[in-house]
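Using this note's numbering, you'd call the opening residue of the sequence shown number 25 and step up by one each time.
Here a beta-carbon is modelled for each residue, glycine too, at the ideal position from N, C-alpha and C.
Bear in mind the structure is a predicted one, so any value in this text is a computation, not a measurement.
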Amino acid sequence: METIPYNRLLLLPPNALHNIRKIHNLDQPKRLAEAIYLLREWLKKQDHIVKKDFSDEYLEKSLISCKGSVEKVKHQLNSSCTMRTMIPRFFAVSNAKTELKELLDLAWLIPLPTVTKDFYRVIMVKVNDKQFTAESFMQFYQYSIIVCEYLKAHDYVNGFIIVHDYSELNVVDLVTKMSVTELQQYVTLIIEGYGARLKGIHILTDSKTIELFVKTLKQLFSKKIGERIFTHPTYEDLHEIIPKEMLPVEYGGTERSIKELQGDWLEAISSDEHVAYMKMMNKACTDESKRLTGKFNEDYLGMPGSFRSLTVD
């Protein structure tokens, strides 16, 4: 990949490709080609991984998310394929517009068009003043998987900053209805399977009970990421973290409204092209009958049944 194709939803500065590669010591063509070659040779030997023909662009983006480490990409590829087999419900949806209609009134997940100076993409999660059900959480996870696959196919960034807007949400209702087990599986999927590098998680709410939710979240992430979870009572606090010109107008910024952005994203991820891509990627699973028995414990790290114990007060 010599250039990043233009995408109006995912704008990138002209120097993004070279500078991000340089950050992760992949700016030398020989080094990058060698890393991709090693991954392809490794995939050939993994009988249990069904899909072998990941594109060079997919493997390169996996290397970026793993800071250039071939070994970490191997783990990521193995994890993502294994999770599609072990927790298939997360991958059961291909078309958000037709299969997740109920969720669209409840919550939006919107990557913002521009990136920070250090090439991080901001993702806004807006939860509206509606009644969440236990099933709503799974629908949101399924929706976010569709967005993750779109980002993996079309974006090229150093990592992500997540902003959760819970200002209209009853946080107590949220905490009491969510399944901590499913939330843990989802977090493992995003971090281990998709290799999401998180610079920060910022939660907008003035609720005094948000600390219960934050306490639960911190148990799901590593200590390093847990220390990057912050709460803010007003959106003005975001201006110290994210440039105003990147934020939607509702948050004191100059970007298009969050409703308009959501509409554009829904059209993109529900296009015939992306629905077909989702169906293809959902077949990137494993044949567990072909997995080496001696690798069982290593490969299933983070899978259902091996989660550490959580506490919710």
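Hey, out of the options, whose CA is closest to residue i's CA?
| i | options | result |
| --- | --- | --- |
| L199 | V171, L175 and F237 | The residue you asked about is not Leu; residue 199 is Val in the sequence shown. Nearest C-alpha to V199: F237. |
| L290 | S160, A131, S231 and Y210 | A131 |
| A59 | E216, D80 and E274 | D80 |
| I134 | I169, P112 and V117 | I169 |
| I185 | S203, F164 and V139 | V139 |
| D311 | D71, L56 and E65 | D71 |
| E206 | R145, Y174, M110 and V146 | M110 |
| E235 | H48, T255, I44 and L222 | T255 |
| E297 | H178, S313 and V204 | H178 |
| K176 | Y61, V117, L262 and R221 | R221 |
| S246 | D129, M107 and I225 | I225 |
| N152 | D129, K69, Y82 and K46 | D129 |
| R145 | D288, A292 and P37 | P37 |
Count the other CB atoms within 10 Å of the CB of residue i; is the residue buried (16 or more) or exposed (fewer)?
| i | result |
| --- | --- |
| E322 | Model confidence at E322 stands at a pLDDT of 49, short of 50, so the residue's coordinates are unreliable; what they give is reported in the following sentence. With fewer than 16 Cβ atoms within 10 Å of its Cβ, E322 is classed as exposed. |
| L35 | exposed |
| G329 | Residue confidence is low: G329 scores 41 on pLDDT, short of 50, so the model does not pin down where it sits. Its coordinate-derived value is still stated next. Result: exposed. |
| R32 | exposed |
| E26 | exposed |
| D189 | buried |
| K150 | buried |
| P257 | exposed |
| T233 | exposed |
| N182 | buried |
| G276 | exposed |
| L325 | Because L325 sits at a pLDDT of 44, beneath the cut-off of 50, its placement in the model cannot be relied upon, and the point is left open. |
| D337 | Note on D337: pLDDT 41, under 50, position unreliable in the model; no value is reported. |
| P137 | buried |
| E284 | exposed |
| R113 | exposed |
| Y301 | buried |
| E84 | buried |
| L316 | exposed |
| M304 | exposed |
| S160 | buried |
| M107 | buried |
Between residue i and residue j, which are expected to be in contact by the criterion C-beta below 8 angstroms, what is the C-beta distance as a whole number of angstroms?
| i | j | result |
| --- | --- | --- |
| N119 | I73 | Not confirmed; about 26 angstroms, so no contact. |
| C172 | C309 | Going by Cβ atoms, the distance from C172 to C309 rounds to 16 angstroms, so no, they are not a contact pair. |
| L127 | Y180 | The pair is not a contact, with the Cβ atoms about 28 angstroms apart (cut-off 8 angstroms). |
| E279 | E264 | No, E279 and E264 are not in contact; Cβ-Cβ is about 17 angstroms, not under 8 angstroms. |
| N306 | F115 | 5 angstroms |
| Q100 | L124 | 26 angstroms between Cβ atoms; not a contact. |
| S191 | A158 | Not a contact, Cβ separation roughly 23 angstroms. |
Would you mind stating whether residue i and residue j have Cβ atoms separated by less than 7 angstroms?
| i | j | result |
| --- | --- | --- |
| F338 | K201 | The structure shown does not extend to residue 338, since the chain is modelled only from 25 to 337, so the question has no answer here. |
| V195 | M148 | no |
| S89 | G219 | yes |
| L244 | Q286 | no |
| L228 | Y259 | yes |
| I249 | L241 | no |
| Y6 | Y210 | The shown model of the chain, from 25 to 337, leaves out residue 6, and the question about it has no answer. |
| G92 | L50 | yes |
| L67 | K76 | yes |
| S281 | P267 | no |
| S294 | K121 | yes |
| S86 | V97 | yes |
Pull up the DSSP beta-bridge partners for residue i, would you.
| i | result |
| --- | --- |
| G224 | I185 |
| M162 | The partner list for M162 (beta bridge, DSSP) is empty, contrary to what the question assumes. |
| E84 | Note: E84 sits in no beta bridge, so no partner. |
| I147 | P135 and I186 |
| I253 | I225 |
| S279 | Correcting the residue identity first, residue 279 is Glu in this sequence and not Ser. In the DSSP output, where bridge partners are listed per residue, E279 has P272. |
| I73 | T310 |
For a cutoff of 7 angstroms on Cβ pairs, would you count residue i as touching chain B?
| i | result |
| --- | --- |
| Q243 | No chain B appears in the structure shown, which is made up of a single protein chain. |
Return yes when at least one heavy atom of the ligand PLP lies under 6 angstroms from the C-beta of residue i, else no.
| i | result |
| --- | --- |
| W66 | Inclusion of the ligand PLP in the displayed structure is not the case, the ligand content being empty and no account of it being possible. |
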